[in-house]
Amino acid sequence: MPSAGAGARASRHEPVDLLIRAGHVVTMNPRRDIIRRGAVAVRGNEIAAVGPEADLRARYEPAAEAGGDRFVATPGLVNSHIHITGEPLTRGYVPDDIDFAENVFGWLCPLYASYTAAGEAICARSGLPDKAKYPTV
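So in this note's numbering, spot 129 of the sequence shown is number 136, and the numbers just go up one at a time.
Shown next as structure tokens:
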């Protein structure tokens with residue numbers, strides 16, 4: 008039989024799929040508030056809540072968590088920044104366990120230096136269908 012404390016906790020916390028923790032949350036509200044040690048609760052494909060991490064932990068029970076103090080979250084902002092050439096062909100090319108400088112200067116710069124105009128055109132056309140999924144809003 009569960010303790011009264013466990014039952015009370017289960018009934019008090021709403022389930023969410025994901026809690027994204029961030030050192031700073033930049034909101035998309037009219038004031039563009041910035042929340043230090045904030046979080047974003049996600050249920051399905053929707054943002055359930057944005058606020059201080061402690062407040063969201065008191066209200067929600069996440070199935071999974073992501074993020075950390077070194078991250079900035081921008082809930083409600085769709086970043087449609089794209090690299091129309093190069094990126095579609097380099098996805099999975101650069102190892103995941105290297106630092107930024109090695110990524111850029113050891114892998115990507117030498118690769119991009121070898122591109123030709125014809126190759127860039129093919130790369131751009133091959134990447135467009137994927138980019139159409141994330142239009143600017």
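Virtual Cβ for every residue (Gly too), placed ideally from N, Cα, C.
In terms of Cβ geometry, residue 80 and residue 47 form a close pair [threshold 8 Å]. Assignment of residue 67 by DSSP, reduced to helix, strand and coil, places it in the strand class.
If you compare the alpha carbons of 86, 19, 98 and 85 with that of residue 62, the shortest gap goes to 19.
Cβ neighbours of residue 67 within its own chain (closer than 8 Å, five residues either side excluded): 20, 21, 22, 23, 26, 48, 55 and 56. Counting along the chain, no beta strand (DSSP E) covers residue 102, and no H or E run does either. When DSSP states are grouped into helix, strand and coil, residue 91 belongs to the coil group.
In this model, residue 102 and residue 110 are separated by some 8 Å (Cα to Cα). Bounds of the alpha helix (DSSP H) holding residue 117 are 116–120. According to DSSP, residue 26 shares a beta bridge with 48 and 72.
Per DSSP, the unbroken beta strand (DSSP E) holding residue 57 starts and ends at 53–59.
Between residue 30 and residue 78, the C-beta spacing is below 8 Å. A direct Cα-to-Cα measurement between residue 34 and residue 83 gives close to 7 Å. DSSP, reduced to helix, strand and coil, places residue 19 within a helical segment of the structure shown.
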